[in-house]
Every structure is written in C-alpha cells, then in structure tokens.
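In UniProt numbering, the protein residues as written are 1 to 103.
Right, dumping it as structure tokens:
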C-alpha cells in the first residue's frame, strides 16, 4: 500500500524570504480616548472602514471617510473591550488592516 509519498524538491524559493516593503501609512489606536488614527495615508478617501470582532462580526462600518477625518481621529464609540481588526478599503482599492485591543 503506497498511499503517501515523501517528495523532496530542491527549490531555493521555498526557503527564500520576500523583501518586506515598508508602508508609508501609520495607524494606531489610543485606548484613553477610544480613538483610531491614520497618518500619512496615500489615498484621498477611505471608501469603507470596518471594525470587526474576533467572531468575524462587523461591529462598526463607516462609508466614504475623508483622509482629514482619519488624521484627526475616528471615535469608536461604545465598542466593548476585546480584540478587533480594523479594515480600511481605499479609493484605489487597497485594503489595509490593523489589529487593536480595546481595554
């Protein structure tokens, strides 16, 4: 019975490391004021900002958020404590994510 086979392939690509590209944007969450900031964003408009909990539920969704609003900070309101993923989709169809913990 030969159901499985072990195959070794000598490709340098399997052990290579992709060059990391530093993103020019800077995203952070301030727990004291419950505010999310995005600085140095390349896009003019964020078409969708979604706050997603660890169950995959969208807790908060904002449409067409201006760059200036993100730089001044977006209040997350009465979001419960826990871990979240903030997902931004820009007008250039770029998707940016940031993991945050709300205390």
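Note that the Cβ used here is the ideal one computed from N, Cα and C, for glycine as well.
Check, Outcome
"Going by the beta-carbon positions, is the gap between residue 88 and residue 96 smaller than 8 Å?", "yes"
"Taking the beta strand (DSSP E) that residue 94 belongs to, which residues open and close that run?", "Here residue 94 belongs to no beta strand (DSSP E), and DSSP marks it neither H nor E."
"Out of curiosity, what's the CA-to-CA distance linking residue 86 and residue 43?", "17 Å"
"In the DSSP assignment, what residue or residues form a beta bridge with residue 48?", "63 and 89"
"Using only the alpha-carbon positions, how far apart do residue 51 and residue 60 sit?", "5 Å"
"Residue 38: buried (16+ other C-beta within 10 angstroms of its C-beta) or exposed?", "buried"
"With DSSP collapsed to three states, give me the class of residue 72.", "helix"
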